[in-house]
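Trainee: The numbering used here applies: residue 23 is where the sequence shown begins, and numbers increase by one. Glycine is no exception: its CB is placed at the ideal position from the N, C-alpha and C atoms.
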Amino acid sequence: MTDVDDQLRQLAERVEDLTRVVVRQAQTLDQLVDADRARTSGPDLPLLVELFAVFVDADACARSGDAAFASIAGSLERLITGRGGEIITPSVGDPFEVSTMEAVDVRPATADDTPRTVADPIRPGLRVGPRSVRPAMVTVFGD
């Protein structure tokens with residue numbers, strides 16, 4: 023009877039070992055699925071860049087006073103922000119930020135102007151997460 027008991031004990035150990043292997047594989051699969059979801063759930067950068075290019079054109083047309091283009095620009099902005107992008111629209115007098123703006127020209131500051139601030143916004147910028155994908159183009163007041 024001890025031979026049968028010994029075989030049952032060995033069988034129980036093998037079942038426990040097999041159970042541990044199956045649990046470990048299930049955990050690994052869960053981790054792989056979670057990592058894949060995290061990788062694919064982020065913003066679609068190429069799509070956002072294309073949408074932003076159309077937004078810039080529509081925004082430029084809207085500034086000429088065409089209400090239809092203003093509506094299109096607004097819709098594109100909602101699409102871009104809904105997909106994880108952020109439109110950077112500096113205003114006159116905003117401090118110049120190197121991380122989100124590109125100074126394409128420097129204008130001398132008068133007594134009323136603050137140096138290193140935006141003198142004229144030229145084109146909006148695009149940020150996706152912490153990354154500035156397209157810096158806003160601005161003219162800056164110099165020192």
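Could you tell me which of E119, P137 and G106 sits nearest to V150, measuring between CA atoms?
Mentor: Here residue 150 refers to the residue found at position 128 of the sequence shown. Of the listed residues, the one whose Cα sits closest to V150 is G106.
Trainee: F163 by DSSP, collapsed to three states: which one?
Mentor: Locating residue 163 in the sequence shown gives position 141, counting from the first residue. Three-state DSSP puts F163 in a strand.
Trainee: Quickly, what does DSSP pair E108 with across the bridge? List them, please.
Mentor: For the purposes of this step, residue 108 is identified with residue 86 of the sequence shown, where counting begins at 1. Beta-bridge pairing links E108 to R149.
Trainee: Beta carbon of V155, beta carbon of G115: below 8 Å?
Mentor: By 1-based counting over the sequence shown, the position of residue 155 is 133. By 1-based counting over the sequence shown, the position of residue 115 is 93. The answer is no: Cβ separation not under 8 Å.
Trainee: According to DSSP, is R36 helix, strand or coil?
Mentor: Residue 36 sits at position 14 when you count from the first residue of the sequence shown. R36 falls in the helix class under three-state DSSP.
Trainee: Beta strand (DSSP E) containing R138: first to last residue?
Mentor: Walking along the sequence shown from the start, residue 138 turns up at place 116. No beta strand (DSSP E) contains R138, which DSSP labels as neither H nor E.
Trainee: Using the DSSP secondary-structure output, state which residues sit across from P117 in a beta bridge.
Mentor: Position 95 of the sequence shown holds residue 117. DSSP links P117 through a beta bridge to T139.
Trainee: Which residues does DSSP list as the beta-bridge partners of D5?
Mentor: Summary: the structure shown does not reach residue 5, with the chain confined to residues 23 through 165, and so no result is reported for it.
Trainee: Below 8 Å CB to CB, which residues in the same chain sit around F77 once its five sequence neighbours on both sides are set aside?
Mentor: Looking up residue 77 in the sequence shown gives position 55. Closer than 8 Å at the Cβ level, and outside the excluded window around F77, lie A95, L98, E99, I102, I109 and P146.
Trainee: Once you ignore the five residues that flank D66 on each side, which residues in its own chain have a CB closer than 7 Å to its CB?
Mentor: Position 44 of the sequence shown, counted from the first residue, corresponds to residue 66. In its chain, beyond the 5 residues on either side, R105 have a beta carbon closer than 7 Å to the beta carbon of D66.
Trainee: Between the Cα of D165 and the Cα atoms of D142, R153, P152 and P137, which residue gives the shortest distance?
Mentor: Numbered from its first residue, the sequence shown carries residue 165 at position 143. The shortest C-alpha separation from D165 is found at P137.
Trainee: Using the three-state DSSP reduction, which class does S86 fall into: helix, strand or coil?
Mentor: If you number the sequence shown from 1, residue 86 lands on position 64. Coil.
Trainee: For M123, which residues in the same chain have their Cβ closer than 7 Å to its Cβ, ignoring the five residues on either side in sequence?
Mentor: Residue 123 sits at position 101 when you count from the first residue of the sequence shown. Contacts found: P112, G147, P157, A158 and V160.
Trainee: So is A80 buried or exposed if we call it buried at 16+ other beta carbons inside 10 Å?
Mentor: For the purposes of this step, residue 80 is taken as residue 58 along the sequence shown, with counting starting at 1. Result: buried.
Trainee: Roughly how many whole angstroms lie between the Cα atoms of E119 and V162?
Mentor: Taking the first residue of the sequence shown as position 1, residue 119 is located at position 97. Taking the first residue of the sequence shown as position 1, residue 162 is located at position 140. Their Cα atoms are separated by approximately 10 Å.
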